[in-house]
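According to my numbering, the sequence shown is numbered sequentially starting from 24.
Don't be surprised by glycine CBs; every beta carbon is placed ideally from N, CA and C.
A short write-up of the structure that comes next.
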Amino acid sequence: MNLSKSAFRRYKVIDGMLRNSMRKYPTIIEIQEACYVKLHFRPSIETLQKDMANMRAPYPDGFDAPIQYCKINRGYEYTDPNYTLTGITLREDEIDAITDALDLIKMIGGSRISHQFNQTVEKLFSFTLDGGASLKNRRPFVQIMIPPVSRGFEHFDLFYEACKERQTISMLHFSYNKRTFTHTYFHPFLIKEFENHWYLIGFSETHKAIRTFGLDRISAPLKTKKKFIHSELSEIDTYLNDVYGVFPIPGAQKEKVKIKASKLSTHYFQAYPLHESQAIKKNPSGTSEISFELIPSIELAQYFLSRGSHVTLLSPTWFVNFTKDLSQ
24 MNLSKSAFRR YKVIDGMLRN SMRKYPTIIE IQEACYVKLH FRPSIETLQK DMANMRAPYP
84 DGFDAPIQYC KINRGYEYTD PNYTLTGITL REDEIDAITD ALDLIKMIGG SRISHQFNQT
144 VEKLFSFTLD GGASLKNRRP FVQIMIPPVS RGFEHFDLFY EACKERQTIS MLHFSYNKRT
204 FTHTYFHPFL IKEFENHWYL IGFSETHKAI RTFGLDRISA PLKTKKKFIH SELSEIDTYL
264 NDVYGVFPIP GAQKEKVKIK ASKLSTHYFQ AYPLHESQAI KKNPSGTSEI SFELIPSIEL
324 AQYFLSRGSH VTLLSPTWFV NFTKDLSQ
């Protein structure tokens, strides 16, 4: 919905005339005169008729305004007396706050901001201040690295709706190792981003357990009417709070993980905590012992390995051995 400033002003005049309980059923001539009084110009009859047709248009192209011409009273009316085009009124500072927040959402969300979402915000802004706030031609003040759209991301909206509406999806999962496709019915509850990669997490009927699939490996997803299998809230919380990354090691439980960090890495961990459970015990030399309360994951092991000699994994013993095997 792209409204010009002049159209916006006419819409408000028309809306005010139709909601005026003291002077019901205004004629097109009376609306024209009201525009002249309030806007200091007289739009043509044809323009006002087009305006009302546009207002009647269904969302998102219009406002679903219940406008009709009453032949008995020879004037226009709202068939719903409670309808108002300006249902929400915001101050300019409130609109600025929303617009700034929207800029951040766009920086983080990139192409995931849907066309419908943009239309909704434009519609909100267009009827709050004279002329409305524009989402276009705004220079961003924050820049976040947004990688090129990866394979499988075209299905993001479908996955989002399936998680939100608790809908079972039918899909094909591709194994890079086996180079084969496997069909499964999947009951998703979370879409998760990690290091610019996107994953779908839910219950897999094939595996009879919660599984994590990269969006790049999912093909031909379809929403079905198959009964949705709900995952336990505790399991969902685990994926939200207790795992660094997206692939917890099978059978692993939440426990204390300890590392020894060099002086340089200690500064890094202080500036960029790895997890909210992180606790640092500094030594006089500047090195430190750092502990985390979480479920060991493949990504956690890979992260420690990536720090090279600056990080030494101390415990638990089984995770130390797992990480060593991973490096070979």
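Within the model, the alpha-carbon separation for A88 versus R46 is close to 19 angstroms.
In this structure, I224 lies away from Y267, with their beta-carbon atoms at least 8 angstroms apart. For F345, the enclosing alpha helix (DSSP H) starts and ends at 340–350.
Annotation for K281: the continuous beta strand (DSSP E) segment containing it runs 278–284. Short of 7 angstroms from the beta carbon of Y92, and not among the five residues preceding or following it, lie these beta carbons of its own chain, in chain order: Y99. Ranked by Cα distance from E258, the first of T107, F212, F217 is F212. As for any beta strand (DSSP E) of minimum length 3 sitting wholly inside the region 39–116, the runs are 90–93, 98–101, ordered along the chain. Closest in alpha carbon position to L287, among H333, K347, Y295, is H333. Assignment of G331 by DSSP, reduced to helix, strand and coil, places it in the helix class. Of T207, I214, R202, the smallest CA-CA separation from F176 is found for I214. Take the alpha-carbon of N264 and the one of R202: they are about 33 angstroms apart.
Taking all protein chains shown into account, D74 has 16 or more neighbouring C-beta atoms within 10 Å of its C-beta and is therefore buried. Closest by C-alpha distance to A185, out of T247, P83, S308, is T247. S350 and I282 have their C-alpha atoms roughly 17 angstroms apart. Measuring C-alpha to C-alpha distances from T102 to each of N96, I90, S314 identifies I90 as the nearest. In this structure, V269 and E322 form a Cβ contact; the two beta carbons are roughly 7 angstroms apart against a cut-off of 8 angstroms. When DSSP states are grouped into helix, strand and coil, V36 belongs to the helix group. For F182, the uninterrupted alpha helix (DSSP H) run begins and ends at 179–188, by DSSP. The beta carbon of D239 sits closer than 7 angstroms to those of S173, R174, G175, all from its chain and outside the five residues before and after it, given in chain order. As computed with DSSP, S242 is found in a beta bridge with L195. One alpha carbon belongs to T70, the other to A76, and they sit about 10 angstroms apart. Sequence-distant partners of A243 (beyond 5 residues in either direction) whose C-beta falls short of 6 angstroms from its own C-beta, in its chain, are L195. In this structure S193 touches Y208 by the C-beta definition: roughly 6 angstroms separates them, less than 8 angstroms. In this structure H210 is not in contact with I241, their Cβ atoms being roughly 14 angstroms apart against a cut-off of 8 angstroms. Closest in alpha carbon position to G274, among Q293, L297, R234, F292, is R234.
Closest in C-alpha terms to M78, from the list S44, S329, I37, comes I37. Nearest C-alpha to E299 among S285, A284, F315, S320: F315.
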